[in-house]
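Going letter by letter, the sequence shown gives residues 79 to 383 in the numbering used here. Okay, structure first, notes after.
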Amino acid sequence: MAGPRLPVDAPPFTPSPYGLLSVVRFPSGDSPHWQNGVTWQSHCLVDQGGTTYDECIAVTGTGSIPEPSTKTDNVDSINRGATPFTPYVRFDCSAVGLINAQSAATDALNRSESFQVERSFWTGLVDGKTLAFPHLAANTTVNDAQGILLQSPASIVVTGAFDVATGLGLLEEALASCYNGMGVVHVPVKLLPTLIANNLVKREGRDGVNGQLGRQLRTGNGNLVAVGAGYPGTSPAGAAPATNQAWIYATGAVFGYRSSVFFTQVADSLDRSTNMLQLIAERNYVLGWDCCHVAILVNLGVPVT
Numbered sequence: 079m080a081g082p083r084l085p086v087d088a089p090p091f092t093p094s095p096y097g098l099l100s101v102v103r104f105p106s107g108d109s110p111h112w113q114n115g116v117t118w119q120s121h122c123l124v125d126q127g128g129t130t131y132d133e134c135i136a137v138t139g140t141g142s143i144p145e146p147s148t149k150t151d152n153v154d155s156i157n158r159g160a161t162p163f164t165p166y167v168r169f170d171c172s173a174v175g176l177i178n179a180q181s182a183a184t185d186a187l188n189r190s191e192s193f194q195v196e197r198s199f200w201t202g203l204v205d206g207k208t209l210a211f212p213h214l215a216a217n218t219t220v221n222d223a224q225g226i227l228l229q230s231p232a233s234i235v236v237t238g239a240f241d242v243a244t245g246l247g248l249l250e251e252a253l254a255s256c257y258n259g260m261g262v263v264h265v266p267v268k269l270l271p272t273l274i275a276n277n278l279v280k281r282e283g284r285d286g287v288n289g290q291l292g293r294q295l296r297t298g299n300g301n302l303v304a305v306g307a308g309y310p311g312t313s314p315a316g317a318a319p320a321t322n323q324a325w326i327y328a329t330g331a332v333f334g335y336r337s338s339v340f341f342t343q344v345a346d347s348l349d350r351s352t353n354m355l356q357l358i359a360e361r362n363y364v365l366g367w368d369c370c371h372v373a374i375l376v377n378l379g380v381p382v383t
């Protein structure tokens, strides 16, 4: 008769390195009141700015110099806001033999947290309700009672489905026209092999420290790429694409706040009727982006020539 099997630790869990959280900047040392949501002011270009000249020293070589045009307002100062949401896990286990309940609950949260955050950031859905603002797949404007912009509609760059190289180029062109800074391209996991096969992304960096950006993917133009397991690839209207297609989005820089992990106390988690613990681990998030919000539909696969 065989002896009892040896209890051992499960293999360590490593989160996906290139998901949404790899591109988010998390400020440190800020007020905990962010958990009510945040507001900020974005200075977004209406166009890429104007140039002018001094008519006293300008030269055309073709005659007199007219007075320059009046300088126009070409920057929108927009008050934006973002709302909180809370990924969680409930870990049911026997009260007998559990050595470290919090460690077990933390491990369970680590395995689903990034997926939950990505799904809410793409769809806006929190417990089946559209409560996470801003989010990517949106086609309407949402303002709060004070007129602060919570949600921008995604601007579809060009109607139609494009090969991934053309589509990414058009998306980054629109982002550059709007932002002209390092933005973020958001793609579902199923699109990554197509991007790699077309040599459209490159890996760089190392593990982040103290909230700084770590291992990342970038486009050839230097924009960060977030590859979300929780990104469903749906349209701004929320429609699922065809099997061989996916919507991709681009935004300005993404920033956020997140709390420490909160746990239910073991004494409060015990269901005495079954002698089972119902442990909950959760963490609060607020995520937002700067200025731009554009989208395009692309085809998966490598073009055949």
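Glycine is no exception: its CB is placed at the ideal position from the N, C-alpha and C atoms.
Using the rule of at least 16 other Cβ atoms within 10 Å of the residue's Cβ for burial, across every protein chain shown, is residue i buried or exposed?
i: N178; result: exposed
i: F91; result: exposed
i: S192; result: buried
i: C369; result: buried
i: Q224; result: exposed
i: R189; result: exposed
i: Q194; result: buried
i: Y131; result: exposed
i: H121; result: exposed
i: T272; result: buried
i: R409; result: In the structure as shown, the chain begins at 79 and stops at 383. Residue 409 is therefore absent and cannot be evaluated.
i: V420; result: Since the first residue of the chain shown is 79 and the last is 383, residue 420 is not available in this structure.
i: N301; result: buried
i: E196; result: buried
i: G128; result: exposed
i: G141; result: exposed
i: A80; result: exposed
i: G238; result: exposed
i: T150; result: exposed
i: H183; result: First, the amino acid is wrong: residue 183 is Ala here, not His. The residue in question, A183, is buried, as its Cβ has 16 or more Cβ neighbours within 10 Å.
i: L84; result: exposed
i: T342; result: buried
i: V235; result: buried
Let's see if you can read the secondary structure: which residues bound the beta strand (DSSP E) around residue i?
i: L248; result: First-last for L248: V242 to C256, but that is the alpha helix (DSSP H), not the beta strand (DSSP E).
i: Y363; result: Y363 to W367
i: H264; result: V262 to P266
i: R281; result: V279 to E282
i: N217; result: No beta strand (DSSP E) contains N217, which DSSP labels as neither H nor E.
i: L375; result: H371 to N377
Taking the continuous alpha helix (DSSP H) assigned at residue i, which residues delimit it?
i: Q224; result: Note, Q224: premise wrong, no alpha helix (DSSP H); not H, not E.
i: V195; result: E191 to T201
i: A88; result: Taken as a continuous stretch (DSSP letters only), A88 belongs to no alpha helix (DSSP H), as it is neither H nor E.
i: L273; result: L270 to A275
Since residue i contacts residue j with CB under 8 Å, what's their CB separation in whole angstroms?
i: G247; j: G330; result: That pair is no contact at about 18 Å.
i: G245; j: I374; result: 5 Å
i: Y166; j: I358; result: 6 Å
i: L187; j: V372; result: The Cβ separation is near 33 Å, so there is no contact.
i: G378; j: L270; result: A small correction: the amino acid at residue 378 is Leu; Gly does not occupy that position in the sequence shown. About 10 Å; that fails the 8 Å criterion.
i: A324; j: V376; result: 6 Å
i: V279; j: V262; result: That belief does not hold up - the Cβ atoms of V279 and V262 are roughly 13 Å apart, past 8 Å.
i: L228; j: N221; result: 6 Å
i: P212; j: S230; result: 7 Å
i: A275; j: V380; result: 5 Å
Between residue i and the rest of its own chain, which residues show a CB-CB distance below 7 Å, the 5 nearest in sequence each way excluded?
i: E282; result: Q294 and R296
i: I226; result: T117, N157, R158 and G159
i: G115; result: G159, A160, T161, P162 and V364
i: V287; result: Note that V287 scores 46 on pLDDT, short of 50, meaning its location in the model is unreliable; the coordinates nonetheless yield the value given after this. Closer than 7 Å at Cβ, skipping near neighbours: no residue.
i: D185; result: F91
i: W112; result: Y335 and V364
i: G97; result: S192, E196, A304, V305, G306 and A307
i: P146; result: T130, Y131 and E133
i: T208; result: G202
i: P95; result: R293
i: N277; result: none
i: F104; result: G289, G334, Y335 and R336
Keeping to the same chain, check which residues put their C-beta closer than 6 Å to that of residue i; ignore five residues upstream and five downstream.
i: A315; result: N217
i: F340; result: E360
i: W367; result: T329, G330 and V332
i: Y309; result: E196, W200 and P266
i: C171; result: L355
i: S198; result: F163, V204 and A210
Which same chain residues, not among the five before or five after residue i, have their C-beta less than 8 Å away from its C-beta?
i: Q119; result: S155, I156, N157 and R158
i: S338; result: R361
i: F240; result: L248, I374, L375, V376 and N377
i: D87; result: none
i: T428; result: What is shown of the chain runs 79 to 383, which leaves residue 428 out entirely.
So is the beta-carbon of residue i under 7 Å away from any non-hydrogen atom of the ligand GDP?
i: E360; result: Of the ligands one can find in the structure shown there are none, so the ligand GDP has no counterpart to examine.
Q) Could you give the uninterrupted runs of the alpha helix (DSSP H) lying entirely in the stretch 293-360, keeping only those of 4 residues or more? A) 344-347
Q: Could you pull out every unbroken beta strand (DSSP E) segment of at least 3 residues lying fully inside the stretch 89-128, listed in chain order?
A: 116-123
Q | Complete beta strand (DSSP E) runs within the stretch 136-167 (minimum length 3 residues, chain order) | A | Taking only runs of at least 3 residues, the beta strand (DSSP E) segments lying wholly in the stretch 136-167 are 153-160.
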